[in-house]
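J.:
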Amino acid sequence: NYCEKESLEFTRSRPNKKNDNAYIEQKNWTHVRKTVGYLRYDTDQELILINSLYEKELRLYKNFFSPVMKLKEKERVGGRVKRKYDTPKTPYQRLLGSGQISDEKKKELEAIYRSLNPAELKRKVEEKTHRLYQLYEQKKRTTEANSSKKQRPRSVTNYMIQPPAIGLRVK
Numbered sequence: 079n080y081c082e083k084e085s086l087e088f089t090r091s092r093p094n095k096k097n098d099n100a101y102i103e104q105k106n107w108t109h110v111r112k113t114v115g116y117l118r119y120d121t122d123q124e125l126i127l128i129n130s131l132y133e134k135e136l137r138l139y140k141n142f143f144s145p146v147m148k149l150k151e152k153e154r155v156g157g158r159v160k161r162k163y164d165t166p167k168t169p170y171q172r173l174l175g176s177g178q179i180s181d182e183k184k185k186e187l188e189a190i191y192r193s194l195n196p197a198e199l200k201r202k203v204e205e206k207t208h209r210l211y212q213l214y215e216q217k218k219r220t221t222e223a224n225s226s227k228k229q230r231p232r233s234v235t236n237y238m239i240q241p242p243a244i245g246l247r248v249k
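In our numbering, each residue carries its 1-based index in the sequence shown increased by 78.
#1: Below 8 Å on the Cβ atoms is my contact criterion, and I expect Phe-143 with Thr-168 to pass it. Report the Cβ-Cβ distance as a whole number of Å.
#2: Could you compute how far the alpha carbon of Phe-88 sits from the alpha carbon of Lys-150?
#3: In the DSSP assignment, find the unbroken alpha helix (DSSP H) run with Lys-152 in it and report its ends.
#4: With a cut-off of 8 Å, do at least 3 Cβ pairs link the region 125 to 135 to the region 203 to 213?
#5: So, are the CB atoms of Arg-172 and Lys-202 less than 9 Å apart?
#6: With a CB to CB cut of under 8 Å and the five nearest residues on each side skipped, what residues in its chain are close to Val-159?
#7: I believe Leu-125 touches Tyr-214 by the beta-carbon criterion, under 8 Å. Please report the beta-carbon distance rounded to the nearest angstrom.
#8: I'd like the span of the beta strand (DSSP E) that includes Arg-192, first residue to last.
#9: Have a look at Gln-178 and Tyr-80 and give me their C-alpha separation to the nearest angstrom.
#10: If you check the beta carbons only, do Leu-174 and Leu-194 fall under 9 Å apart?
#11: For Tyr-275 and Lys-200, which I take to be in contact (beta-carbon distance under 8 Å), what is that distance rounded to the nearest angstrom?
#12: On a Cα-Cα basis, can you pick out the residue from Glu-82, Thr-121, Tyr-191 that is closest to Tyr-211?
#13: So, with DSSP's three-state summary, where would you put Arg-161?
Okay, structure coming up:
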């Protein structure tokens, strides 16, 4: 089994929900929807902007400056579930404390961390999301303008006026 060979934990979806994986989708709100919303982005310009946002500013901001609370344990007490969480830490802090990376990689990450300005990253994220929304609105206006032209019915008078018959004598 691949997962056993690679020492990976294999997780399944929730029962009777074959097309969703709660372990993956739990971050859809914080990493996707909260940033770009629920609008339909389907043009090349929008794709380029979203990819740029995810590859650059948003990735750096989320990994270096956005703390996450990890669930340590859940305990059922009567009819309630009592949850205990670890101290909130950024993914960067968790990685440094894990002992899973080499000293060389730690130094490389620390250099990246020192070079970043969280306020500047946040401003760039907001600029790009604003630009993304502008592209969406522009596309929406163009689509509405084109569709209204196509759907505009011809004047009723065009159908009522009969052209004179050609080639026949009128008495």
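Even glycine gets a Cβ: it sits at the ideal position worked out from N, Cα and C.
T.: The answer reads as follows:
#1: Taking the sequence shown and counting its residues from 1, the one referred to as residue 143 is at position 65. Taking the sequence shown and counting its residues from 1, the one referred to as residue 168 is at position 90. Indeed they touch by this definition, with Cβ atoms about 6 Å apart.
#2: Taking the sequence shown and counting its residues from 1, the one referred to as residue 88 is at position 10. Taking the sequence shown and counting its residues from 1, the one referred to as residue 150 is at position 72. Straight-line Cα distance between these residues: approximately 19 Å.
#3: On the sequence shown, position 74 is the one that residue 152 refers to. Unbroken run through Lys-152 is the beta strand (DSSP E), 149 to 155; no alpha helix (DSSP H).
#4: yes
#5: Indexing the sequence shown from 1 puts residue 172 at position 94. Indexing the sequence shown from 1 puts residue 202 at position 124. In this structure, Lys-202 does not lie closer than 9 Å to Arg-172 by Cβ.
#6: Locating residue 159 in the sequence shown gives position 81, where the first residue counts as 1. So the list reads Lys-152, Glu-153, once near-sequence residues are dropped.
#7: Your numbering for residue 125 matches position 47 in the sequence shown. Your numbering for residue 214 matches position 136 in the sequence shown. Rounded, the Cβ-Cβ distance is 12 Å, inconsistent with contact.
#8: Counting from one through the sequence shown, the residue named residue 192 turns up at place 114. It is not in any beta strand (DSSP E) - Arg-192 instead sits in the alpha helix (DSSP H) that spans 181 to 193.
#9: As a first step, residue 178 is located in the sequence shown; it is residue number 100 there, counting from the start. As a first step, residue 80 is located in the sequence shown; it is residue number 2 there, counting from the start. The alpha-carbon atoms of Gln-178 and Tyr-80 are separated by roughly 21 Å.
#10: As a working mapping, residue 174 is identified with position 96 in the sequence shown. As a working mapping, residue 194 is identified with position 116 in the sequence shown. Their beta carbons are not under 9 Å apart, which means Leu-174 does not touch Leu-194 by this criterion.
#11: Nothing about residue 275 can be read from this structure; the chain reaches only from 79 to 249.
#12: Within the sequence shown, numbered from 1, the residue matching residue 211 stands at position 133. Comparing Cα positions, the closest option is Thr-121.
#13: Taking the first residue of the sequence shown as 1, we reach residue 161 at position 83. If DSSP states are grouped into helix, strand and coil, Arg-161 belongs with the strands.
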